[in-house]
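What the sequence shown shows, in my numbering, is residues 642 to 709, in sequence order. For each residue, glycine too, the CB sits at the ideal point set by N, CA and C. Here is the structure we will look at, set down as structure tokens.
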Amino acid sequence: MTNITLSVPDISCGHCKTSIEGAVSELDGVDTVEVHIEEKTVDVAFSDSVATDSIIDAIESQGYDVAK
Numbered sequence: 642m643t644n645i646t647l648s649v650p651d652i653s654c655g656h657c658k659t660s661i662e663g664a665v666s667e668l669d670g671v672d673t674v675e676v677h678i679e680e681k682t683v684d685v686a687f688s689d690s691v692a693t694d695s696i697i698d699a700i701e702s703q704g705y706d707v708a709k
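This is how it looks when you write it as structure tokens:
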């Protein structure tokens, strides 16, 4: 299991949280997704079969940029 924390500067509300958590949790191999609105971060726990780029793509597909 791998854990990452991604910085997503545009997170500002509960809708952001719901959109991001929904999109990332749909990826096969993602165990948990937790969006922290105040910190503007996303914590993801996932299996080695999931590429980090896939997680970033899922977040960006919802209209949020991931800080690189």
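- Spanning the alpha carbons of Ile678 and Ile645 requires a straight line of approximately 16 Å.
- Boundaries of the alpha helix (DSSP H) harbouring Ala664: 655-666, taken from the DSSP string.
- Asp651 sits in coil when the DSSP states are folded into three classes, being neither helix nor strand.
- Here Pro650 is near Asp706, since their CB atoms are less than 8 Å apart.
- In the structure shown, Asp694 falls within a helical segment according to DSSP collapsed to helix, strand and coil.
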